[in-house]
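A quick write-up on the structure given underneath.
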Amino acid sequence: MSTDLDALLGSADPPLIVVTTAAEGERAGCLVGFHSQASIGPQRYCFWLSKANHTYRVALRSESFAVHFLTTTDRELARHFGSLSGSETDKFAGLDITVTEAGVPLIADLPNRITVERIAMLDDGGDHVCTTARVLAAESAGDFTPLRPSHVADLSPGHSSDERAVRP
């Protein structure tokens with residue numbers, strides 16, 4: 010079944026995003042492939058964070074997030090946020106960022122984004138946790154072609170999915 014499921018889900022090739030957040034002065038961000046609009050009215054968005062990531066640990070203490078939509082010209086930022094571990098590296102060093110009132114870093118080179126406020130987190134025992142969020146604002150630089158997993162198939166993740174963090 011796993012091979013068939015991998016083939017079916019791989020054919021979907023959903024757009025990639027970078028989720029950023031901050032808590033208690035600690036910034037975090039990671040490349041995310043699991044995300045979706047979750048409600049039209051009221052506006053809701055969901056994204057799933059790997060329990061192995063530094064961003065997940067910061068997200069447990071955060072209420073606010075930014076969801077940056079990647080374009081095909083953002084391959085290097087995808088590699089940066091997807092291959093480095095925030096536990097070992099300040100992923101925001103050297104990047105042009107602004108910070109929201111809630112302390113969330115917004116990446117200037119990724120202008121297609123939404124800012125959201127967490128409503129709930131669901132941990133069903135898998136290797137990712139779902140964050141459901143209320144959409145606060147949206148910004149778009151216009152039409153773009155989204156970056157997809159097939160465009161960065163050679164990317165090596167900063168953590169493997171079996172490196173699950175223990176909830177504090």
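Per the working numbering, residue 10 is the first one in the sequence shown, and the count goes up by one each step.
Glycine included, each C-beta is placed from N, C-alpha and C at the ideal position.
These numbers come from a predicted model, not from an experiment.
field: Buried versus exposed call for SER20 [16 or more other C-beta atoms within 10 Å across all chains shown]
entry: As a first step, residue 20 must be located in the sequence shown, where it is residue number 11. With fewer than 16 Cβ atoms within 10 Å of its Cβ, SER20 is classed as exposed.
field: PHE90 - DSSP class collapsed to helix/strand/coil
entry: Sequence index remark: in the sequence shown, residue 90 carries index 81 (1-based). Here PHE90 sits in helix by DSSP.
- prompt: If you draw a straight line from the alpha carbon of GLU110 to that of THR124, how long is it in whole angstroms?
  reply: For this step, residue 110 is matched to residue 101 along the sequence shown. For this step, residue 124 is matched to residue 115 along the sequence shown. So the two alpha carbons sit approximately 11 angstroms from each other.
message: Taking 8 angstroms as the cut-off, does the stretch 71-85 touch the stretch 24-43 (at least 3 CB pairs, one atom from each stretch)?
response: yes
- request: Taking LEU58 as the reference, give the member of ALA162, PHE43, GLY34 and GLN52 with the closest Cα.
  value: Here the question's residue 58 lines up with position 49 in the sequence shown. Nearest option by C-alpha distance: PHE43.
query: Which class does ARG157 belong to by DSSP, given the choice of helix, strand or coil?
result: For the purposes of this step, residue 157 is identified with residue 148 of the sequence shown, where counting begins at 1. Reduced to three states, the DSSP call for ARG157 is coil.
task: Quick one: residues in its chain with C-beta nearer than 7 angstroms to the C-beta of HIS63, no 5 flanking neighbours on either side, listed in chain order?
output: Translated into the one-based positions of the sequence shown, residue 63 becomes position 54. Around HIS63: ALA37, SER94, GLY95 and SER96.
query: Less than 8 angstroms separating the beta-carbons of THR81 and HIS160?
result: Taking the first residue of the sequence shown as position 1, residue 81 is located at position 72. Taking the first residue of the sequence shown as position 1, residue 160 is located at position 151. Closer than 8 angstroms, so yes.
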